[in-house]
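As you go down the protein sequences, you meet chains R and X in turn. Here the UniProt record's numbering is used: the first residue of the first sequence is 1, the next is one more, and so on. Here the UniProt record's numbering is used: the first residue of the second sequence is 1, the next is one more, and so on. Single-structure report; data block below.
There are 2 protein chains.
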Amino acid sequence: MTVTLADVAARAQVSPATVSRVLNGNYPVAAKTRERVLRAVDELDYVLNGPASALAAATSDLVGILVNDIADPFFGIMAGAVQSEIGGQPDGRAGGERLAVVCNTGGSPEREITYLTLLQRQRAAAVVLTGGAVENPAHVEAVSAKLRRLADAGTRVVLCGRPPVPGTDAVAITFDNRGGGQRLTEHLIALGHRRIAYIAGPEERTTTRHRLEGHRDALAAHGIEDDPRLTVHGPYDRRSGYDATLELLRRDRSLTAIVAANDTVALGACAALRDEGLRIPDDVSVAGFDDLPFSIDAVPALTTVRLPLAAAGARAGRIAMGREERPPGGIATVQGELMVRGSTAAPRG
Amino acid sequence: MTVTLADVAARAQVSPATVSRVLNGNYPVAAKTRERVLRAVDELDYVLNGPASALAAATSDLVGILVNDIADPFFGIMAGAVQSEIGGQPDGRAGGERLAVVCNTGGSPEREITYLTLLQRQRAAAVVLTGGAVENPAHVEAVSAKLRRLADAGTRVVLCGRPPVPGTDAVAITFDNRGGGQRLTEHLIALGHRRIAYIAGPEERTTTRHRLEGHRDALAAHGIEDDPRLTVHGPYDRRSGYDATLELLRRDRSLTAIVAANDTVALGACAALRDEGLRIPDDVSVAGFDDLPFSIDAVPALTTVRLPLAAAGARAGRIAMGREERPPGGIATVQGELMVRGSTAAPRG
DNA sequence: AGCTACGTAGCAAGCGCTTTCTATAGGGTA
DNA sequence: TACCCTATAGAAAGCGCTTGCTACGTAGCT
Chain R
1 MTVTLADVAA RAQVSPATVS RVLNGNYPVA AKTRERVLRA VDELDYVLNG PASALAAATS
61 DLVGILVNDI ADPFFGIMAG AVQSEIGGQP DGRAGGERLA VVCNTGGSPE REITYLTLLQ
121 RQRAAAVVLT GGAVENPAHV EAVSAKLRRL ADAGTRVVLC GRPPVPGTDA VAITFDNRGG
181 GQRLTEHLIA LGHRRIAYIA GPEERTTTRH RLEGHRDALA AHGIEDDPRL TVHGPYDRRS
241 GYDATLELLR RDRSLTAIVA ANDTVALGAC AALRDEGLRI PDDVSVAGFD DLPFSIDAVP
301 ALTTVRLPLA AAGARAGRIA MGREERPPGG IATVQGELMV RGSTAAPRG
Chain X
1 MTVTLADVAA RAQVSPATVS RVLNGNYPVA AKTRERVLRA VDELDYVLNG PASALAAATS
61 DLVGILVNDI ADPFFGIMAG AVQSEIGGQP DGRAGGERLA VVCNTGGSPE REITYLTLLQ
121 RQRAAAVVLT GGAVENPAHV EAVSAKLRRL ADAGTRVVLC GRPPVPGTDA VAITFDNRGG
181 GQRLTEHLIA LGHRRIAYIA GPEERTTTRH RLEGHRDALA AHGIEDDPRL TVHGPYDRRS
241 GYDATLELLR RDRSLTAIVA ANDTVALGAC AALRDEGLRI PDDVSVAGFD DLPFSIDAVP
301 ALTTVRLPLA AAGARAGRIA MGREERPPGG IATVQGELMV RGSTAAPRG
């Protein structure tokens with residue numbers, strides 16, 4: 001029923017081996033023969049059987065990308081960049097299209113492990129893990145073990161925007177969340193703010209912790225007491241920013257600035273402030289993190305830390321394809337750039 | 001080196017056939033035996049070889065999702081929804097995890113075909129195509145042929161937010177872009193606007209055309225002349241909205257409203273208007289389409305047409321998994337809901 | 001002319017799994 | 001007790017492809 005290599009071979013009057021070689025483009029085949037084969041392929045509308053190739057050759061052209069939430073541009077941008085780099089041969093030759101398998105973990109450790117197993121089952125050529133990691137020791141160990149097995153099986157593993165995993169030699173491209181957080185808060189301090197609230201991400205995650213630590217570093221460096229009542233944790237979404245802001249305002253109406261875990265949360269914070277009749281930045285300054293595309297369109301435009309998501313994703317993709325060398329020590333830290341815009345200003349005298 | 005079914009069989013003192021049956025959970029296996037096998041699997045840390053299974057069973061657990069741009073939440077939301085529905089068995093039993101292969105076409109017809117071929121090669125269990133289609137006849141025919149082949153090979157094909165493809169019986173869940181566009185413009189007309197500019201999407205695409213037709217229908221229905229100088233085409237991005245707005249203003253400073261092809265474009269339009277010193281909605285009203293999450297956070301909040309992206313994606317996913325019946329006629333049209341917000345108001349008397 | 005060597009093509013052995021068909025052991029029934 | 005049926009396990013034949021090795025012809029060389 002379905003056309004197989006053998007059918008093509010018969011039609012082209014060659015052996016299956018030859019057809020395979022024409023299709024894979026390694027091994028010399030005489031021009032005439034190749035042409036005959038290609039014509040047969042065309043006439044029969046033949047499409048290689050991927051699983052069969054993968055089995056025989058013990059390789060696959062699937063690349064896994066783990067993300068927390070595919071609907072979030074933060075991950076979408078990285079995933080898109082990874083994907084744009086995984087085509088083509090490792091050595092730069094054309095052909096060898098690879099397919100990106102995007103896995104939505106929703107931030108769940110269990111699903112992360114499940115997906116890694118599924119990718120292992122598919123004998124994925126490479127796996128890119130994006131987003132922060134959960135800091136639960138049991139989970140860290142589970143991930144570490146999985147990544148080790150994947151690497152053993154020949155799958156290249158790259159971490160993008162994620163700290164290195166101990167016990168593995170997976171390449172890690174990490175964002176300097178701590179430094180970014182620090183610069184952001186320092187910017188606010190320089191403007192004269194002293195009562196700075198912080199809406200953090202979910203607890204037990206590296207990204208959350210690093211950004212928050214940066215914030216606290218800045219406060220400490222300037223001798224500002226870190227009032228625990230001015231920090232609230234929540235998920236990385238708009239709603240969280242909205243609710244947290246209301247809560248913060250309830251706790252201390254005298255705050256003059258709010259730093260949010262990311263831009264999405266910051267947008268929620270802005271909405272809450274407006275609903276409370278507070279002006280930005282006149283009454284309260286707001287800052288985000290990531291510099292997602294929409295951040296510049298907020299009114300006023302959001303002060304934030306720009307993360308080179310596309311560049312990092314592209315690099316991760318290239319490393320995953322063996323098209324770029326692993327950075328020294330297997331870890332590359334990428335800096336964020338402070339983008340000062342209209343949402344932050346000096347507090348009212 | 002890598003553990004195989006045979007290794008597990010040896011360790012559990014059973015035949016490979018039995019191990020396979022335990023793992024696949026069809027066919028009766030005595031509880032004791034099953035347990036022994038499962039223990040061996042665990043001890044050896046065995047993971048099934050996906051390609052081998054796929055080859056032997058002539059099925060795969062890959063589901064393809066074609067999107068224009070994975071970094072765009074419009075597609076991210078749909079892809080995420082599809083993905084959330086493809087797990088589990090067709091009949092509802094647990095297990096049978098499926099992997100989502102997300103393919104970024106970038107709106108290019110060639111890449112669309114390339115990806116469909118790649119998915120055909122993988123013998124994907126199902127394919128979901130999202131986003132509008134290019135209206136070039138040659139391409140339509142090429143897609144139609146591909147989809148037919150896929151269907152022949154047993155791949156279920158579902159279109160999500162995309163018109164039916166002639167010559168195939170792929171299920172289509174389409175958005176009523178025309179009706180949405182019409183209601184939007186009617187809303188502006190009802191507010192008293194007469195000089196309404198339109199920033200359309202790229203030409204030759206169904207979505208673009210349908211939305212624009214809705215707009216024109218509304219104008220015509222109210223006897224308003226459709227001034228061709230008030231329509232500009234461009235890609236579905238912010239930049240396009242910005243540039244187009246500047247161009248429209250240059251052509252006719254007296255316009256009182258701008259309808260954008262989608263929310264992202266609308267945001268760009270807003271930015272351009274602000275830069276030109278025009279107030280929204282006092283000087284110019286602005287409306288978008290899609291109601292992406294950020295639209296409500298625009299200032300003023302964006303009037304737009306809400307598309308149930310997540311619901312549509314989920315439904316597409318279920319149909320692709322055979323977990324929901326195909327709608328009558330194989331086509332389901334989903335309505336958009338007009339969301340009137342602050343960015344539109346009556347023109348200045 | 002005789003030999004080497006290279007350029008091509010074919011043979012055949014798997015890759016690791018699924019599944020049909022067959023075999024065997026109990027248990028139930030007459 | 002003899003027989004049949006059911007429940008469960010195994011044997012073995014592929015699934016469609018890749019690739020190491022072998023075979024062959026011809027061109028280049030002495």
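All residues carry an ideal CB built from backbone N, CA and C; glycine is no exception.
Of the residues GLN13(X), PRO327(X) and VAL67(X), the one whose Cα lies closest to the Cα of LYS32(X) is GLN13(X). Contacts with chain R at 8 angstroms (Cβ-Cβ) include CYS270(X). Exclusion of the five residues before and after ILE86(R) leaves VAL63, ARG98, ALA100, ALA126, GLY317, ALA320 and MET321 as the residues of its chain whose Cβ lies within less than 8 angstroms of its Cβ. In the pairwise beta carbon analysis, the stretch 183-199 of chain R is classified as touching the stretch 211-223 of chain R: at least three pairs are separated by under 8 angstroms. Taking a 10 Å sphere around the C-beta of THR206(R), we find 16 or more other C-beta atoms and assign the residue as buried.
Look at MET78(R) here: in three-state DSSP terms it is helix.
Put simply, the backbone Cα of SER60(R) is about 51 angstroms away from that of ALA220(R). ASN24(R): member of the alpha helix (DSSP H) spanning 16-24, first to last residue.
Contact between the stretch 9-27 of chain R and the stretch 279-298 of chain R is absent, with fewer than three C-beta pairs closer than 8 angstroms.
Residue pairing by DSSP places LEU129(R) opposite LEU66(R) and LEU159(R) in a beta bridge. In the structure shown, the three-state DSSP call for ASN136(R) is coil. Of all residues in the stretch 62-87 of chain R, only LEU62, GLY64, ILE65, ASP69, ILE70, ALA71, ASP72, PRO73, PHE75, GLY76, ILE77, MET78, ALA79, GLY80, ALA81, GLN83 and SER84 come within less than 9 angstroms of chain X when Cβ atoms are compared, listed by chain position. Under the 8 angstroms criterion on CB atoms, GLN335(X) is classed as non-interfacial with respect to chain R.
The three-state reading of DSSP puts LEU309(X) in helix, counting H, G and I together.
Straight-line spacing of the CA atoms in GLY161(R) and THR174(R) works out to 4 angstroms. In this structure, the straight-line span from the alpha carbon of TYR198(X) to that of GLY179(X) is close to 16 angstroms. Residue pairing by DSSP places ASN104(R) opposite VAL67(R) in a beta bridge.
Distance from the CA atom of ARG238(X) to the CA atom of ALA9(X), rounded to whole angstroms, is 59 angstroms. With its beta carbon less than 8 angstroms from one in chain X, GLU97(R) belongs to the interface. Excluding residues up to 5 positions away in sequence, ILE199, ALA200, GLY201, THR208, ARG211, TYR236 and PHE289 lie with their Cβ nearer than 7 angstroms to the Cβ of ALA261(R) in the same chain. At a C-beta separation below 7 angstroms, GLY50(R) has these neighbours in chain X: ARG121, GLN122 and ARG123.
Taking the Cβ atoms as the reference, ALA153(X) lies roughly 6 angstroms from THR2(R), within the contact range of under 8 angstroms.
With respect to chain X, the C-beta atom of ASP252(R) has no partner C-beta closer than 8 angstroms. For the pair GLY268(X) and SER240(X), the CB atoms are nearer than the 8 angstroms cut-off. For SER60(X), the chain R residues whose Cβ falls inside 7 angstroms of its Cβ are PRO51, in order along the chain. Residues of the same chain with a CB within less than 6 angstroms of the CB of ALA170(X), apart from the 5 flanking positions on each side, are LEU147, VAL157 and LEU159 in chain order.
Contact of PRO347(R) with chain X is not assigned, every C-beta pair being separated by 8 angstroms or more. For PHE175(R), not one C-beta of chain X is nearer than 8 angstroms to its own C-beta. Around the beta-carbon of PRO51(X), 16 or more other beta-carbon atoms lie within 10 Å, marking it buried. Between the C-alpha atoms of VAL334(X) and ASP176(X) there is a straight-line separation of about 6 angstroms. Residue-level contact by beta carbon holds for ARG238(R) and chain X, with a gap shorter than 8 angstroms. Comparing alpha-carbon positions, the option among PHE74(X), HIS222(X) and GLU35(X) lying closest to LEU307(X) turns out to be PHE74(X).
Contact between LEU129(R) and LEU66(R) is confirmed by a C-beta separation of about 5 angstroms, below the 8 angstroms threshold. Boundaries of the beta strand (DSSP E) around THR231(X): 231-233.
Nearest to ARG323(X) by C-alpha distance, out of VAL299(X), VAL82(X) and LEU48(X), is VAL82(X). Per DSSP, reduced to three states, the secondary structure at ASP290(X) is strand.
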